[in-house]
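J.: Residue numbers for the sequence shown follow our numbering, beginning at 102 and rising by one.
The beta-carbon is built from N, C-alpha and C at its ideal position, and this holds for glycine as well.
My structure is below; once you've seen it, I'll send some questions.
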Amino acid sequence: MVSSRYDYEDLIEANKWRTDMFPASCAGQMAPLIPDLPDGFGVVPTNKPYIMTDDHVYLAYAELPHPLYLDEDIPNIPVDLNRIEFEIVRFTEEEMTTLRDWMAANSDNYLTSELDGQPVYLIGGFATMRMGKNDRLATSLHTFLEDGTVIRVSHKSLFTQGSGFELSPLVQTLLGDILRRAEAAGL
Numbered sequence: 102m103v104s105s106r107y108d109y110e111d112l113i114e115a116n117k118w119r120t121d122m123f124p125a126s127c128a129g130q131m132a133p134l135i136p137d138l139p140d141g142f143g144v145v146p147t148n149k150p151y152i153m154t155d156d157h158v159y160l161a162y163a164e165l166p167h168p169l170y171l172d173e174d175i176p177n178i179p180v181d182l183n184r185i186e187f188e189i190v191r192f193t194e195e196e197m198t199t200l201r202d203w204m205a206a207n208s209d210n211y212l213t214s215e216l217d218g219q220p221v222y223l224i225g226g227f228a229t230m231r232m233g234k235n236d237r238l239a240t241s242l243h244t245f246l247e248d249g250t251v252i253r254v255s256h257k258s259l260f261t262q263g264s265g266f267e268l269s270p271l272v273q274t275l276l277g278d279i280l281r282r283a284e285a286a287g288l
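Right, dumping it as structure tokens:
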């Protein structure tokens, strides 16, 4: 279901559409932050299992296509699939300091906005990647919680804008859900 990318059973499960969410207990301490599946969405089949641990969560949701499967139980994953990915990772104090120092020195390399009073940053490249930590979303929308938790969201609407920087309703819904859950959990 959610663990080692080399476990055969995990690989089989990862290649199926899920219309229900993984049990929150899979994410341990991160469980309170996992957003609900939006109506009409499912967890996208992938070639490697998702991550749900005490300090790292990575999942991708998408609008459910019709049919869910093609011939021989091959998942239907259309090219134009409305897919949204999110990653929640716990940075060490040193990693947060490095990231904030980079942001202070490179303010022209990202865009800033806010959602529900929380600053959000559209950061490109590999500025927030941590070597050897299996991070998945480099270029994405970021926000930071006080305890060193970094929330990253990636959706095509973030990268198809003109000179402005607006959050699509889907991004607002998903990230807003995570932020409300963080506030309720005292993070």
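Is the segment 111-131 touching the segment 145-165 in the sense that three or more CB pairs, one from each, lie closer than 8 Å?
T.: Touching, yes, given that three or more Cβ pairs across the two stretches are closer than 8 Å.
J.: Using 8 Å as the cut-off, can you tell me whether the segment 222-242 makes contact with the segment 202-211, which would need three or more C-beta pairs spanning the two stretches below that distance?
T.: With the cut-off at 8 Å, the segment 222-242 and the segment 202-211 touch.
J.: What does DSSP give as the partner residue(s) for Q130 in the beta ladder?
T.: DSSP output for Q130 lists no bridge partner at all.
J.: Is A163 helix, strand or coil when you go by DSSP?
T.: Strand, per DSSP.
J.: How close, in whole Å, do the beta carbons of L242 and V272 come, if the pair is a contact with beta carbons under 8 Å?
T.: Right, the Cβ-Cβ distance comes to about 7 Å (below 8 Å), so this counts as a contact.
J.: What residue does the alpha helix (DSSP H) around L268 start on, and which one ends it?
T.: Careful: L268 lies outside any alpha helix (DSSP H) and carries neither H nor E.
J.: For P166 versus N177, is the C-beta spacing smaller than 8 Å?
T.: For P166 and N177, yes; Cβs fall inside 8 Å.
J.: Using 8 Å as the threshold, is the segment 267-287 in touch with the segment 192-204, meaning 3 or more CB pairs across them?
T.: No: the two stretches stay apart, fewer than three of their Cβ pairs being nearer than 8 Å.
J.: So, with DSSP's three-state summary, where would you put L61?
T.: Since the first residue shown for the chain is 102 and the last is 288, residue 61 is missing from the structure and cannot be characterised.
J.: Tell me which same chain residues have a C-beta within less than 8 Å of the C-beta of M122, skipping the five on either side of it?
T.: These residues qualify, in order along the chain: I135, D137, L138, V144.
J.: Within 10 angstroms of its Cβ, does S255 collect 16 or more other Cβ (buried), or is it exposed?
T.: With 16 or more other Cβ atoms within 10 Å, it is buried.
J.: Return the residue from the list F266, M232, I279, P124 that minimises the CA-CA distance to T244.
T.: That would be I279, whose Cα lies nearest to the Cα of T244.
J.: Once you ignore the five residues that flank K117 on each side, which residues in its own chain have a CB closer than 7 Å to its CB?
T.: Once the five neighbours on either side are set aside, the close Cβ partners of K117 are P146, P176.
J.: Where DSSP assigns a beta bridge to Y211, which residues make up the other side?
T.: Answer by DSSP bridge pairing, in chain order: I224.
J.: Please classify R281: is it buried, with 16 or more other beta-carbons within 10 angstroms of its beta-carbon, or exposed?
T.: Exposed, by the Cβ-count rule.
J.: Beta carbon of D248, beta carbon of L288: below 8 Å?
T.: Going by C-beta atoms, D248 is nearer than 8 Å to L288.
J.: If you run the structure through DSSP and keep just helix, strand and coil, what is M102?
T.: For M102, the predicted structure reports a pLDDT of 46, less than 50, and the residue's modelled location is therefore unreliable. The matter cannot be settled from this model.
J.: Could you give the distance in angstroms between the alpha-carbon of S105 and the alpha-carbon of S269?
T.: Summary for S105: the model assigns pLDDT 47, below 50, so the residue's position carries little reliability; its value from the coordinates is reported in the next sentence. Looking at the two C-alpha atoms, the distance is approximately 33 Å.
J.: By the 10 Å Cβ neighbour count, where 16 or more other Cβ atoms means buried, how is T193 classified, buried or exposed?
T.: It counts as exposed.
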